[in-house]
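Here the structure comes first, spelled out in structure tokens, and everything after it is commentary.
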Amino acid sequence: MEQKTLPSWIAVDWGTSNLRVWAMDDSANILATQSSPLGMNAIAGDEKLSFEGVLIDLIDRWLPTDVPDGQAIPVVICGMAGAKQGWREAPYCEVPTAPADLAMGAVRPDVADPRISVSILPGLCQRGDADVMRGEETQLVGFMALHPDFSGWVCLPGTHSKWARLSNGQITAFRTYMSGEVFALLSQNSILRHSVDETWDDGAFADAVLAAKAQPSGFLHSLFTVRAGALVAKDGAVVPPGASVLSGAVIGAEIADVLGLLKAGDEIALIGAGKLASLYQAALLVHHHKAIPMDGAAITLAGLTRAHRVVIG
Numbered sequence: 065m066e067q068k069t070l071p072s073w074i075a076v077d078w079g080t081s082n083l084r085v086w087a088m089d090d091s092a093n094i095l096a097t098q099s100s101p102l103g104m105n106a107i108a109g110d111e112k113l114s115f116e117g118v119l120i121d122l123i124d125r126w127l128p129t130d131v132p133d134g135q136a137i138p139v140v141i142c143g144m145a146g147a148k149q150g151w152r153e154a155p156y157c158e159v160p161t162a163p164a165d166l167a168m169g170a171v172r173p174d175v176a177d178p179r180i181s182v183s184i185l186p187g188l189c190q191r192g193d194a195d196v197m198r199g200e201e202t203q204l205v206g207f208m209a210l211h212p213d214f215s216g217w218v219c220l221p222g223t224h225s226k227w228a229r230l231s232n233g234q235i236t237a238f239r240t241y242m243s244g245e246v247f248a249l250l251s252q253n254s255i256l257r258h259s260v261d262e263t264w265d266d267g268a269f270a271d272a273v274l275a276a277k278a279q280p281s282g283f284l285h286s287l288f289t290v291r292a293g294a295l296v297a298k299d300g301a302v303v304p305p306g307a308s309v310l311s312g313a314v315i316g317a318e319i320a321d322v323l324g325l326l327k328a329g330d331e332i333a334l335i336g337a338g339k340l341a342s343l344y345q346a347a348l349l350v351h352h353h354k355a356i357p358m359d360g361a362a363i364t365l366a367g368l369t370r371a372h373r374v375v376i377g
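Here the working numbering is used: the sequence shown runs in plain steps of one and ends on residue 377.
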């Protein structure tokens, strides 16, 4: 990007493992984008790295040689840069909260480079049913900007999946499920690793999703059937693939819990991409809930744009 097309502001999504930045103009158009594997964990584990240094290395070509006093380019950051181990801690906002409340909770770390001014958005916490999120709240804000009349639950699949309830322009509650981590632990580090391979069967997945809701108290027993089913099968019998059954049991248990929280008229939305989002879409469809996965990067950028308008004014 040439000097004459300098951004009006810069959007940053700073995750645990990765970093993504966008150069933006005044109309929320993307001028350029960059990404890096230097997420919070990489920086916290290397004393030679700093958050400001990593950021400047990534965006330096977007910045002017110098700027007049008071005219630094705004940088709005969501994600783990605001964690305790991050650049500067941005204390959690507590639910229920509105998008403007989150934006107003931004902190502004001191920076050595006068060409930028940095605002780091806070995460979100819930005290009654203890829970936290950092980064996903910006996706929720972006979703709300694009779907202002939505009322119901939004699912964000991941290692730790998040479900958030949106109502009347606020994030009113949320729940985290360790489904992705549990699946990884069981399929790689438990006895079930002998029964989980690349083989997949959509029907077996759907059956396991249904069983998880029909018999929620039998979750731990259902896990062992992944192993036992293959051991006791008669010669020539078709054994459901372990990966399909295990995935259906874990995701199914998560979705069954959320379905029990639905109120009359609640919708369900899905933010994500790739195989995992497709599995959640399929699991929801088993229960007759249609949710089309939406691109997470675009939703994040919409949330950062909305925050920028509040933070900068």
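Every residue, glycine too, gets a C-beta built ideally from N, C-alpha and C.
Predicted, not measured: the structure shown is a model, and the values here were computed from it.
Check: Taking the alpha-carbon positions, what's the G367 to L249 distance?; Outcome: 33 Å
Check: Along the chain, where does the beta strand (DSSP E) containing I74 start, and where does it finish?; Outcome: 73–78
Check: To the nearest angstrom, report how far apart G206 and R373 are at their CA atoms.; Outcome: 12 Å
Check: By DSSP's criteria, E331 is part of a beta bridge. Which residues make up the other side?; Outcome: G216
Check: Among W73, I332, A92, W78, which has the Cα closest to the Cα of V139?; Outcome: W73
Check: For G216 and V118, what's the separation of their Cα atoms in angstroms?; Outcome: 38 Å
Check: Taking 8 Å as the line, does the beta carbon of I363 fall inside it for any heavy atom of the ligand ADP?; Outcome: Ligands in the displayed structure: none, and consequently the ligand ADP is not present.
Check: Since V303 and G293 should fall inside the 8 Å C-beta cutoff, what is the C-beta to C-beta distance between them, to a whole number of angstroms?; Outcome: 6 Å
Check: Grab me the residues of P173's own chain with a C-beta within less than 7 Å of its C-beta, minus the 5 sequence neighbours each way, in chain order.; Outcome: W151, R152, V182, I184
Check: Pair every Cβ in the stretch 311–320 with every Cβ in the stretch 273–284, then say whether three or more of these pairs are closer than 8 Å.; Outcome: yes
Check: Can you tell me whether L199 is buried or exposed, with buried defined as 16 or more other CB within 10 angstroms of its CB?; Outcome: Checking the sequence shown, residue 199 turns out to be Gly, not Leu. Classification for G199: buried.
Check: Which partner residues of I235 appear in the DSSP bridge assignment?; Outcome: T161, L230
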